[in-house]
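Chemist: Residue numbers (the working numbering): 269 to 748.
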Amino acid sequence: MAPRVRFAPSPTGYFHVGSARTALFNWLVARQSGGVMVLRIEDTDATRGRQEWLDGIISALDWLGLQADEGPYLQSAAEPRHRELADKLYDAGYLYACDCPRELIDERTKSNPTPGYDGFCRDRSVPRTDQTGLRFKVPIEGETVVHDVIRGDVVFPHSAMEDFVAVKSSGQPLFALANAIDDRDMEITHIIRGEDLLPTTPKQLLMWEGLDAVDRPVPLPTFAHLPMLVNEQRKKLSKRKDPVAVESYRDQGFLPEAFVNYLALLGWSPEGDREMVSKETLIDEFRLDQVHHAPAFFDVAKLTHMNGDYIRALSPETFIELVQPWVDPDHASWHPEGVELLWPAERYDAERFAAIAPLIQERVTVLGEVPAMVDFLFLVDPPLDESAFEKAVANDPRAIEVLDKAIEVYASCPFTSGALHEATVVLGDALELKLRKTQAPIRVAITGKSVGPPLFESLELLGREEVLRRLSNARERAQG
RNA sequence: GGCCCCAUCGUCUAGUGGCCUAGGACAUCACCCUCUCAAGGUGAAGACACGGAUUCGAAUUCCGUUGGGGCUGCCA
Numbered sequence: 269m270a271p272r273v274r275f276a277p278s279p280t281g282y283f284h285v286g287s288a289r290t291a292l293f294n295w296l297v298a299r300q301s302g303g304v305m306v307l308r309i310e311d312t313d314a315t316r317g318r319q320e321w322l323d324g325i326i327s328a329l330d331w332l333g334l335q336a337d338e339g340p341y342l343q344s345a346a347e348p349r350h351r352e353l354a355d356k357l358y359d360a361g362y363l364y365a366c367d368c369p370r371e372l373i374d375e376r377t378k379s380n381p382t383p384g385y386d387g388f389c390r391d392r393s394v395p396r397t398d399q400t401g402l403r404f405k406v407p408i409e410g411e412t413v414v415h416d417v418i419r420g421d422v423v424f425p426h427s428a429m430e431d432f433v434a435v436k437s438s439g440q441p442l443f444a445l446a447n448a449i450d451d452r453d454m455e456i457t458h459i460i461r462g463e464d465l466l467p468t469t470p471k472q473l474l475m476w477e478g479l480d481a482v483d484r485p486v487p488l489p490t491f492a493h494l495p496m497l498v499n500e501q502r503k504k505l506s507k508r509k510d511p512v513a514v515e516s517y518r519d520q521g522f523l524p525e526a527f528v529n530y531l532a533l534l535g536w537s538p539e540g541d542r543e544m545v546s547k548e549t550l551i552d553e554f555r556l557d558q559v560h561h562a563p564a565f566f567d568v569a570k571l572t573h574m575n576g577d578y579i580r581a582l583s584p585e586t587f588i589e590l591v592q593p594w595v596d597p598d599h600a601s602w603h604p605e606g607v608e609l610l611w612p613a614e615r616y617d618a619e620r621f622a623a624i625a626p627l628i629q630e631r632v633t634v635l636g637e638v639p640a641m642v643d644f645l646f647l648v649d650p651p652l653d654e655s656a657f658e659k660a661v662a663n664d665p666r667a668i669e670v671l672d673k674a675i676e677v678y679a680s681c682p683f684t685s686g687a688l689h690e691a692t693v694v695l696g697d698a699l700e701l702k703l704r705k706t707q708a709p710i711r712v713a714i715t716g717k718s719v720g721p722p723l724f725e726s727l728e729l730l731g732r733e734e735v736l737r738r739l740s741n742a743r744e745r746a747q748g
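1) Measuring CB to CB, does V514 end up less than 8 Å from A328?
2) Using 8 Å as the Cβ pair cut-off and three pairs as the minimum, do the segment 586-594 and the segment 540-556 touch?
3) Using the DSSP secondary-structure output, state which residues sit across from E728 in a beta bridge.
4) Check whether the segment 486-495 touches the segment 413-420, taking contact to mean three or more Cβ pairs, one atom from each stretch, closer than 8 Å.
5) Considering just the uninterrupted stretch of the beta strand (DSSP E) at L353, what are its terminal residues?
6) Kindly indicate which residue of E690, V304, A446, A564 has the alpha-carbon position closest to the one of L533.
7) How about A336 and F275: are their beta carbons less than 8 Å apart?
8) With which residues is V498 paired in a DSSP beta bridge?
9) In this structure, how does DSSP classify T400 when only helix, strand and coil are distinguished?
10) Over what stretch of residues does the alpha helix (DSSP H) that includes H458 continue unbroken?
11) Grab me the residues of L647's own chain with a C-beta within less than 6 Å of its C-beta, minus the 5 sequence neighbours each way, in chain order.
12) Under 8 Å: do the segment 648-665 and the segment 681-693 share three or more Cβ pairs, one atom per stretch?
13) Taking only three categories from DSSP, how would you classify G521?
14) Between A346 and the rest of its own chain, which residues show a CB-CB distance below 8 Å, the 5 nearest in sequence each way excluded?
15) So, using beta-carbon positions, are D386 and V406 closer together than 8 Å?
16) Would you call G720 buried or exposed, if buried means 16 or more other Cβ atoms sit within 10 Å of its Cβ?
17) Do you know offhand how far E637's Cα is from P485's?
18) According to DSSP, is E338 helix, strand or coil?
19) Between the alpha carbons of D596 and M475, how many angstroms are there, rounded?
20) State buried or exposed for Q399, treating a residue as buried only when at least 16 other CB atoms are found within 10 Å of its CB.
21) Let me make sure I understand the geometry here. Which of E725, K471, L739, R272 has the alpha-carbon closest to that of I459?
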């Protein structure tokens, strides 16, 4: 039977990197076995903004190329079904009504070595009303074993499990119940999710048994609990302190292929010394039972490096196409959030950009770095890095000589990068300067920065007139 | 506190009893290349948490300790 996996995120305002990894591993299992991935939104407690976050989840999955085969289903839509089965479970005695307020439970159990609900109402036959939640009657004896593909058998003694709430007093079934019902109804064969859900799994297993009895027997799915993604403090990634929004990586100019590749390496690794692996390779080689057990630090530095590798591997044409949203938004297919064009749109010159693009391509790690590297080509006067100017021009006694000489030589030499290079070497020789020293003041004069793409190509693209103008300006500024 | 999970370089990992003098990648440092910056090349430094047990032999098996994490809601 072809596997049916599900990716079941709960709605938040953005798409979490941990969710992305979970989605990826689910997707890989589906893809490698001719299975199906269903997308189910666990929104039982959500109240507003549904459409927005649903769009957010779908567009993030799209960006990553992890589209679901079925869904999205909203868990909230199945609430009548959940209620129906909750009633049956109650009628059959798996659930009992409880009217204990939280404070009372805490009061009663605070000195108990095993805090949590003490089963007070278990045999009180509290009548079911709209003031009573329904608790699951966990067997006193025995244990529940979770057979986990990654971790092996995990044993939960019933003595340590409380009679947890399965249905709110409002009548609405809670996660543990709704989740089990949906997985049954959708005939899910593999539950692949974060390790944080491991402790609730025995509850769902117990519930599953009850549902087998009151509804229909459904074979148990295979479980796999993925190790957490953690921050430098080794804590579960926090939405407040850690950069967890997938959208922000997209907006910074990470490539989805690189992102997916990096994510796959968090908890799994291909055979041999490879790290750059395509999605096709992942589909071929990924094995759930090889997933590492320990939590993994989400290392943006490594992701960034890998992204640089992916960028450099692009064809020049593809690179130009992919940077479009950052350099030529008017003609781009989408717009990264929070990105402002550094130059007036009408001054952008596609040909000029195409000419310098290959030199930029090997110097950036994320696409968002591109504009700042080429702004001098599209700005009348690029912003001047004061400290760079100080160092290379103002505080360098030879700088004025260099600029003067450059103005003189550039006025007449052929204006190609090769000739400019040559001319600059000669000009430097005359002043007994290494090219390294000679280029510094010229670079700052032209680009406003001390670092950037190769200088002579830049000069050629800018044109003689503009180059001479900027050199003169810098000269004046140096004197004043 | 209770229950559960986990433990190899700073980080991600390879390693499934002898191939381990523990391999790769990121990060770091040095050198080379070089018009700046990158990229690239070469090299350096850097780990089996600890203690027992099993075994001729343990990073690898078992037990314990320590440490970290997760869960412990009428959230999911």
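Every residue gets a Cβ at the ideal spot worked out from N, C-alpha and C, and that includes glycine.
Modeler: Let's see:
1) To locate residue 514, count along the first sequence from 1; it is residue 246. To locate residue 328, count along the first sequence from 1; it is residue 60. Yes; because the gap between Cβ atoms is below 8 Å, this pair is in contact.
2) As far as the Cβ criterion goes, the segment 586-594 does not touch the segment 540-556, which means the pair count is below three.
3) Translated into the one-based positions of the first sequence, residue 728 becomes position 460. According to DSSP, E728 bridges with nothing at all.
4) Short answer: they touch.
5) Along the first sequence, read from residue 1 onward, the residue named residue 353 stands at position 85. Annotation for L353: no beta strand (DSSP E) segment contains it, though the alpha helix (DSSP H) segment containing it runs 347-359.
6) Your numbering for residue 533 matches position 265 in the first sequence. For the set E690, V304, A446, A564, the Cα lying nearest the Cα of L533 is the one of A564.
7) Taking the first sequence and counting its residues from 1, the one referred to as residue 336 is at position 68. Taking the first sequence and counting its residues from 1, the one referred to as residue 275 is at position 7. Yes, they are a contact pair.
8) On the first sequence, position 230 is the one that residue 498 refers to. Beta bridge pairing from DSSP links V498 with K504, F565.
9) For the purposes of this step, residue 400 is taken as residue 132 along the first sequence, with counting starting at 1. Three-state DSSP puts T400 in coil, outside helix and strand.
10) The residue given as residue 458 occupies position 190 in the first sequence. For H458, no alpha helix (DSSP H) encloses it; the enclosing beta strand (DSSP E) starts and ends at 458-462.
11) As a first step, residue 647 must be located in the first sequence, where it is residue number 379. Within the same chain, L647 has close Cβ partners W611.
12) The segment 648-665 makes no contact with the segment 681-693, as fewer than three CB pairs between them are under 8 Å.
13) Position 253 of the first sequence, counting from 1, holds the residue named residue 521. For G521, the three-state secondary structure derived from DSSP is coil.
14) Residue 346 sits at position 78 when you count from the first residue of the first sequence. Answer for A346: A446, I449, D450, D453, listed in chain order.
15) Here residue 386 refers to the residue found at position 118 when the first sequence is read from its first residue. Here residue 406 refers to the residue found at position 138 when the first sequence is read from its first residue. Their beta carbons are not under 8 Å apart, which means D386 does not touch V406 by this criterion.
16) Taking the first residue of the first sequence as 1, we reach residue 720 at position 452. Its Cβ being crowded by 16 or more others within 10 Å, G720 is buried.
17) Indexing the first sequence from 1 puts residue 637 at position 369. Indexing the first sequence from 1 puts residue 485 at position 217. Straight-line Cα distance between these residues: approximately 56 Å.
18) Along the first sequence, one-based indexing puts residue 338 at 70. Here E338 carries a strand assignment [DSSP, helix/strand/coil].
19) Translated into positions along the first sequence, residue 596 becomes position 328. Translated into positions along the first sequence, residue 475 becomes position 207. Using only the alpha carbons, I get a separation of about 55 Å.
20) The residue you call residue 399 lines up with position 131 of the first sequence. By the neighbour-count criterion, in which a residue is buried when 16 or more other Cβ atoms sit within 10 angstroms of its Cβ, Q399 is exposed.
21) Mapped onto the first sequence, residue 459 falls at position 191. Looking from the CA of I459, the closest CA among E725, K471, L739, R272 belongs to R272.
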